[in-house]
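All remarks here apply to the structure that follows.
2 protein chains.
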Amino acid sequence: MSFSQDLLPDAGENLVTVLDLLRFGHARTRPELAQHSGLGRAVVSQQLGYLSELGLVGEGDLAPSTGGRAPRKVAFRADAGTLLVAELGATSLVAGLSDLAGNLAFQHEEPYDIGHGPSRALDRLAQLFGSLLERSGTSRASLWGIGIGVPGPVEFSTGRPISPPIMPGWHAYSIRHHLGELFGLPVWVDNDVNLMALGELRAGHTRGEQNMVYVKIGTGIGAGIICGGTLHRGAQGCAGDIGHVAVREASEVICRCGKAGCLEALAGGAALGRDGTLAAESGLSPHLATVLAEGRKVTGEEITKAAQRGDPVAMDLLLRSGRLVGEVLATIVNFFNPALILVGGGVAAAGDALLASIRENVYRCSLPLATRDLQISFSPLGDQAGLRGAAAMVTDEVFAPANIVRWLGHGSPVAMTGLLSA
Amino acid sequence: MSFSQDLLPDAGENLVTVLDLLRFGHARTRPELAQHSGLGRAVVSQQLGYLSELGLVGEGDLAPSTGGRAPRKVAFRADAGTLLVAELGATSLVAGLSDLAGNLAFQHEEPYDIGHGPSRALDRLAQLFGSLLERSGTSRASLWGIGIGVPGPVEFSTGRPISPPIMPGWHAYSIRHHLGELFGLPVWVDNDVNLMALGELRAGHTRGEQNMVYVKIGTGIGAGIICGGTLHRGAQGCAGDIGHVAVREASEVICRCGKAGCLEALAGGAALGRDGTLAAESGLSPHLATVLAEGRKVTGEEITKAAQRGDPVAMDLLLRSGRLVGEVLATIVNFFNPALILVGGGVAAAGDALLASIRENVYRCSLPLATRDLQISFSPLGDQAGLRGAAAMVTDEVFAPANIVRWLGHGSPVAMTGLLSA
Chain E
41 MSFSQDLLPD AGENLVTVLD LLRFGHARTR PELAQHSGLG RAVVSQQLGY
91 LSELGLVGEG DLAPSTGGRA PRKVAFRADA GTLLVAELGA TSLVAGLSDL
141 AGNLAFQHEE PYDIGHGPSR ALDRLAQLFG SLLERSGTSR ASLWGIGIGV
191 PGPVEFSTGR PISPPIMPGW HAYSIRHHLG ELFGLPVWVD NDVNLMALGE
241 LRAGHTRGEQ NMVYVKIGTG IGAGIICGGT LHRGAQGCAG DIGHVAVREA
291 SEVICRCGKA GCLEALAGGA ALGRDGTLAA ESGLSPHLAT VLAEGRKVTG
341 EEITKAAQRG DPVAMDLLLR SGRLVGEVLA TIVNFFNPAL ILVGGGVAAA
391 GDALLASIRE NVYRCSLPLA TRDLQISFSP LGDQAGLRGA AAMVTDEVFA
441 PANIVRWLGH GSPVAMTGLL SA
Chain Z
41 MSFSQDLLPD AGENLVTVLD LLRFGHARTR PELAQHSGLG RAVVSQQLGY
91 LSELGLVGEG DLAPSTGGRA PRKVAFRADA GTLLVAELGA TSLVAGLSDL
141 AGNLAFQHEE PYDIGHGPSR ALDRLAQLFG SLLERSGTSR ASLWGIGIGV
191 PGPVEFSTGR PISPPIMPGW HAYSIRHHLG ELFGLPVWVD NDVNLMALGE
241 LRAGHTRGEQ NMVYVKIGTG IGAGIICGGT LHRGAQGCAG DIGHVAVREA
291 SEVICRCGKA GCLEALAGGA ALGRDGTLAA ESGLSPHLAT VLAEGRKVTG
341 EEITKAAQRG DPVAMDLLLR SGRLVGEVLA TIVNFFNPAL ILVGGGVAAA
391 GDALLASIRE NVYRCSLPLA TRDLQISFSP LGDQAGLRGA AAMVTDEVFA
441 PANIVRWLGH GSPVAMTGLL SA
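Protein chains in written order, with the numbering used here: chain E, 41 to 462; chain Z, 41 to 462.
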C-alpha cells in the first residue's frame, strides 16, 4: 500500500504529530488527538486517513463516553512492520525481532568477543538475524529496518563507531553499509547506553519525566541522557561518557584510556574483578578464594554472590563502587538536575547494597534542591532496555518528519536504504 | 491593532514557525521562509499577512535574484514593542530597556545589596525602570513585558526564587506579582546564568552550536546550559549549579552552602578575595599588601591587576582558580559533550592566564573525542549577556505557540498580565 507524498499539505509534521500521539499512548480517540495536537478535527481526520491507508492505524473499541456519543478508539498498528535489533557488548551478542512499539519476540544471546573485529561480528549477527526470521516465520517483506547498539561512541549521522576504546578494529567502520548491503534495509547505530535510556523513555518507565540519566555499570561505566524528552547525544556523539571522569580520591590505577583514577577503572565490573581476585589470592576473602580454587574467574557477579553470603571484603568492594559512582553522579545532579536516575548493567545485579551506597553518596554530595524530588532506582527494563531502545531508535528515525516524506510515496521505509549517509 | 485568533487555522505553530525564522535571521525572503519551514508558499504568505497586521513584520529591500525576479526581503520589526529588563546581582542592580531583538538602549547600573530583601529591591528597580522610560521618552503603551535575572535558582513557571543561598528573604517571593501589579505587564524571571547562556544563543554568538555551557565566575560560580538549541533548566530549575560540586583535592574550607570543598568556596571571586587578603596580611604579596594599605579591599579584580603587574602570589591564585574550574568542567565535558564553553562573570576579567589554565585542565582531564572540536572562550557579550538574555526570555515566552494564542486577539502580550501563574 502506498500513496503519493503530494497528498501531504505540509512537510509531514501534522502526520507525525498525530502518529506520535498514538504510538506513545498520549491520545487514543479523535477528540483526544485534536485536543493534544492543537490541530482541527478535520485535519486530524485527514491525517488518520493517510495513516490508515499506510496500515499504521486501525479502529479499536469504543472509548467511554464523556457526555455525547462514545468515541471510537484509534490504535497504532505496531504489527505493521518488523525490526531487526541487536546489542553488541564487549563479550556478548544479543539479537532480536521487535514490532514497531518495541515489543520483543524471538531473541538470542551468545558469548562473543568484540575484539574479533567488525566483519566477523556483523556476519555472525546477520546469521543470527537470519535464523530468528526463520524460527519465527517472519517474512522478509515485513521488515522495516535494523537498529544496533555498540559499546562505544558513535557518529550517529553515519552509524560509524568513533575511536571506541574497547572495540579494536571498529573505528569508522560503516556498520550501516555492511548490514544495509546484506539485508537491503535502512540501518541505524548508536551507543548502547544511549539506547538503554531511550528504551526506558519509550517504554514509559521514566514516568513522564523529561530529564533523566541512565547509568550502566557493567564491565565499563557509561550514561545515557534524556534532555527535554529527547536523547542527548552531544556535539561528537560521546555525551554520557562518565567512565573516564576522574574520581575525587587520589589513585594510581591506570585506566584503559591511559589516564589515572578514572571512575570505570576503580568502580566498574572489570575493576571489581581485579580487586576481588587480589582479595582472593591474598586470602583476605575466603568466599572469593573458593571461587578461584574452583577454577572460576572472580567477576562482579561472584563478588555480588559473596557479598550476599556475608563476605565483608566483597561487600566493601561493592560499597566502594557505589560510593565512587555516587560521587560522580552528585556532580551530574548538580549540573544537569535530572528528575530520575536509572541504574542498569551487569553490576547493577549487585542489588540493594550497591543502590543504597549510590543513593547515599548522591544525597550527601548534591544540593538539597536538586535532590528534593530526585528518584534513583534500578532500570525497570533491565537487560531488555538496549534492544527496546534499538527498536525505538529505528521508529523515531523512520517516523521523523524529515524522513517520513522520503519513503511515504513508496509505502515502506525500506526505500530509505542507501539514501542514508554512510 | 488586533485581530481575532479565529483567523488562525492551527494552534499558532505556523505563525510562530515563520516568525522565529525571521527574528532569528534564518530566513529573510518568502522563498527562504517556504524552504526553511517546509510550509507551502500560500501558507507562508497567509502567516506573513497576520504578522504584518500585528505590526511584527515589514517589507524590506530587494534581495539578490537567484534566477527569476528578485524577491523582496521581509524583516522582523524589533521596534514593535519595548521590554523592561534587569539583572539583580549579589551587590548590584542593572536595569535597561530593550527592543524585541534584545538590542539594549538606556541602561543604568548601581551598587545594591540583595540582602535588603525583595520588597526594597523591587521597588528600587521599579523606580529605575520609571526613570529609564522618562529619560528615553518611551511611551508606556509600547511596553510588552518584563524580564528579570536573579542570582539563585528560580521556579520558572511561577517566577519565584527557590531557597536561593545568597538572597535572604527572597525564598518563594513572587517577583512576577510584585512587578506585574506595579506595571500591569507580564513578568518572567530566571536564574542569571541561564539568561547569560540564552543571551549568547540569541545574539548568535554560539556559532550555530546546539550544545553549549556558559560558565559564570563571579562572586560565586554557576553554569547555564543550552541543550539541543534550547535552555535546559532541569527538573527543579536548578540545573547548572556547579558552584557546589566538590573539587578533587581535599579541603577544609566550608562553603556558604554548608558543605566542605565546594568549587565556589575555593575558586570563586569571594574565595580569591579571602585568599588574597591572607596573602596581603602575611606579607607574601607586596602588591596585594599595598591594596590593603591604601584602604581598599582585596577583590578578584585587584588580584587580576596584581597578577598583570607580575605578582607571583596573585598569579598563583588565578591559576589555581582556573585549574579547579577546569577540572570540574572536564567532568561536565565528558558527561555533556558540548561544542562550546563560554566563560563570563567578573573574575573572567582576569583574562588570558585564567582562560589558559581552564583550557589546559579541561583538555588534560577530558576524553580526546569530547575535546576534539571543543571551543573554550570568553563570553562575547560580556556584561551585556544577562540583560540580552532577559529580553530573549520575554520574547521566547511571548512568542511561544501556547502563549501567542492567549494574547493574539488583544494585539499585545500585555493581555497576559495576571494570566500567568504566580
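Built from N, CA and C at the ideal position, the CB exists for glycine as well. Model, not experiment: these values are computed from the prediction.
Taking beta-carbon pairs under 8 Å, can you tell me which members of the stretch 136 to 151 of chain E lie near chain Z? none
Roughly how many angstroms separate the alpha carbons of Z/G24 and Z/A141, rounded to a whole number?
-> Nothing can be reported for residue 24 of chain Z: it is not among the residues displayed for chain Z, which extend from 41 to 462.
Output needed in chain order: residues of the stretch 196 to 209 of chain E with a Cβ under 8 Å from some Cβ in chain Z. I202, S203
Can you check which of these residues, Z/A379, Z/H148, Z/Q424, is closest to Z/I266 by C-alpha distance? Z/A379
Q) For chain E, is any of its Cβ atoms less than 8 Å away from the one on Z/A354? A) no
Q. Name the chain E residues that come within less than 7 Å of Z/H76, Cβ to Cβ?
A. Simply none; closest approach about 10 Å.
- Task: Run down chain Z in chain order and give the residues with a C-beta less than 7 Å from the C-beta of E/I372.
- Result: F375
Could you check whether the Cβ of E/N234 sits closer than 8 Å to any Cβ belonging to chain Z?
no
Runs of beta strand (DSSP E) lying entirely within the stretch 215 to 259 of chain Z, each at least 3 residues, in chain order: 227 to 231, 252 to 257
Alpha carbon to alpha carbon, how far is Z/L514 from Z/G220?
With chain Z running from 41 to 462 in the structure shown, residue 514 of chain Z is simply not present.
- [ ] Would you grab the beta carbon distance between Z/L328 and Z/G316 for me? Rounded to a whole angstrom, and I think it's under 8 Å.
- [x] 5 Å
Could you spell out the range, first to last residue, of the beta strand (DSSP E) harbouring Z/L205?
Sequence inspection shows Pro at residue 205 of chain Z; the Leu mentioned does not correspond to that position. No beta strand (DSSP E) holds Z/P205; DSSP gives it neither H nor E.
Next on the checklist: Using only the alpha-carbon positions, how far apart do Z/A442 and E/E149 sit?
Outcome noted: 47 Å
Exercise. If E/A115 sits next to E/V97, beta carbons under 8 Å apart, how far is it from one beta carbon to the other, in whole angstroms?
Worked result: 7 Å
Which same chain residues end up closer than 7 Å to Z/L407 when comparing Cβ atoms and leaving out the 5 residues on each side of it in sequence? N374
Notebook entry, point to check: Can you find at least 3 beta carbon pairs, one from the stretch 352 to 368 of chain Z and one from the stretch 234 to 244 of chain Z, that sit closer than 8 Å?
Noted result: no
Assuming contact is defined by CB atoms lying nearer than 8 Å, are E/R117 and E/G95 in contact in what I supplied?
yes
First through last residue of the beta strand (DSSP E) which encompasses Z/A148
For the record, residue 148 of chain Z in the displayed sequence is His; it is not Ala. 144 to 151 is the span of the beta strand (DSSP E), which, as asked, contains Z/H148.
field: For Z/G98, the residue or residues it bridges with in DSSP
entry: Z/A115
**Request:** Evaluate E/H450 with the Cβ neighbour count: other Cβ atoms within 10 Å of its Cβ, from every protein chain shown; 16 or more gives buried, anything less gives exposed.
**Result:** exposed
Can we say the stretch 200 to 211 of chain Z touches the stretch 430 to 442 of chain Z, given the rule of at least three CB pairs closer than 8 Å?
-> no
State yes or no: is the beta carbon of Z/D46 nearer than 8 Å to at least one beta carbon in chain E? Low per-residue confidence applies at Z/D46: pLDDT is 49, beneath 50, and the placement is therefore not dependable, though the value from the model is reported in the following sentence. So, not an interface residue.
Against chain Z, with Cβ distances strictly below 8 Å, would E/G280 count as a contact?
yes
- Message: Tell me which residues share the same chain as Z/E321 and place their Cβ nearer than 8 Å to its Cβ, disregarding the 5 neighbours each side in the sequence.
- Response: A329, L332
List, in chain order, every chain E residue whose beta-carbon is nearer than 7 Å to that of Z/N251.
G274, A275
Where does the unbroken beta strand (DSSP E) through Z/F418 begin, and where does it stop? 415 to 418
(request) Figure out for me which residue from Z/D423, Z/R216, Z/Y152, Z/G136 has the closest Cα to the Cα of Z/A389. (result) Z/D423
Q) In its own chain, which residues sit with a C-beta less than 6 Å from the C-beta of E/E53, not counting the 5 before and 5 after it? A) P441
Using a Cβ cut-off of 7 Å, pull out every chain Z residue sitting near E/V229, in sequence order please. Chain Z residues near E/V229: none, gap ~16 Å exceeds 7 Å.
Q.
Whole angstroms are fine: how far does the CA of Z/K345 sit from the CA of Z/R404?
A. 28 Å
- prompt: So, helix, strand or coil for Z/V125, using DSSP?
  reply: strand
Under 7 Å (Cβ pairs) to chain Z, residues found in the stretch 378 to 404 of chain E: P378, A379
- Which residue from Z/L55, Z/G323, Z/W184 puts its Cα closest to that of Z/G38? Residue 38 of chain Z lies beyond the stretch modelled for chain Z, which goes from 41 to 462, so this question has no answer here.
Going along the chain, which residues of its own chain have a beta-carbon closer than 7 Å to the beta-carbon of Z/E400, five neighbours each way excluded? G366
Other residues of its chain near Z/S159: CB distance less than 8 Å, five sequence neighbours each side excluded
H218
Is the CB of E/H211 under 8 Å away from at least one CB in chain Z? no
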